[in-house]
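Trainee:
Residue numbers (our numbering): 36 to 197.
1) State yes or no: is the C-beta of residue 100 within less than 8 Å of the C-beta of residue 192?
2) Between the alpha carbons of residue 157 and residue 187, how many angstroms are there, rounded?
3) Enumerate in chain order the residues of its own chain whose CB-to-CB distance from residue 92 is below 6 Å, with the five nearest sequence positions on each side excluded.
4) If distances are taken between C-alpha atoms only, which option among 67, 73, 68 comes closest to residue 57?
5) Can you tell me which residues form a DSSP beta bridge with residue 117?
6) Taking contact to mean 3 or more Cβ pairs, one atom from each stretch, closer than 8 Å, check whether the stretch 59-68 and the stretch 148-163 are in contact.
7) Using DSSP's beta-bridge definition, name the partner residues of residue 98.
8) Could you name the residues of the same chain whose beta carbon sits closer than 8 Å to that of residue 66, not counting the 5 residues immediately before and after it, in chain order?
9) Check whether the Cβ atoms of residue 141 and residue 173 sit closer than 8 Å, and answer yes or no.
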């Protein structure tokens with residue numbers, strides 16, 4: 036039997052079960068309201084990411100970003116769909132066990148807080164995005180994510196050509 040000297044050397048077990056967003060697609064057949072709402076949440080979720088990236092670049096700020104698409108990843112939670120995390124901002128998409136998409140967010144010293152709050156005013160994010168403060172602090176959470184998550188999901192967001 037092989038012994039492992041560190042947690043990250045252990046093989047990552049595959050989850051059993053179906054990702055909830057895949058089940059939601061099946062469940063939403065015949066439920067146009069659920070299908071449309073989930074599609075809108077997904078679209079607006081990614082629209083916010085694009086806007087935040089553009090705001091950082093327009094401000095000339097270089098930041099290390101963690102971004103991971105979990106949709107087909109069977110090594111993580113069945114409900115998690117996508118995460119986008121900067122030193123100031125956390126944005127996370129899930130498909131709940133009720134098959135509704137939802138977004139959790141948090142921020143600390145976010146230079147674009149006002150612009151972000153403006154993006155949250157529109158349907159469906161006004162109903163599906165929830166502020167979930169990170170514990171013990173946002174800074175500790177961000178640092179821990181960069182420590183434990185694979186470096187292939189981390190990159191520096193900066194102006195092209197710089």
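C-beta atoms are modelled at their ideal positions from N, C-alpha and C, and glycine is treated no differently. Note that the coordinates shown come from a computational prediction; the quantities given were computed from them, not determined experimentally.
Mentor: In this structure, then:
1) The sequence position of residue 100 within the chain shown is 65, counting from 1. The sequence position of residue 192 within the chain shown is 157, counting from 1. At the C-beta level, residue 100 and residue 192 come within 8 Å of one another.
2) Taking the first residue of the chain shown as 1, we reach residue 157 at position 122. Taking the first residue of the chain shown as 1, we reach residue 187 at position 152. When rounded, the distance between both Cα atoms is 33 Å.
3) One-based indexing of the chain shown puts residue 92 at position 57. Here the set comprises 194.
4) Here residue 57 is taken as the residue at index 22 of the chain shown, counted from 1. Minimum Cα distance to residue 57 is reached at 73.
5) For the purposes of this step, residue 117 is taken as residue 82 along the chain shown, with counting starting at 1. Answer is 104, 128, bridged to residue 117.
6) Too few Cβ pairs lie closer than 8 Å, so no.
7) As a first step, residue 98 must be located in the chain shown, where it is residue number 63. According to DSSP, which records beta bridges pairwise, residue 98 is partnered with 192.
8) As a position in the chain shown, residue 66 is number 31, starting the count at 1. Excluding positions up to five away in sequence, the list is empty.
9) One-based indexing of the chain shown puts residue 141 at position 106. One-based indexing of the chain shown puts residue 173 at position 138. Closer than 8 Å, so yes.
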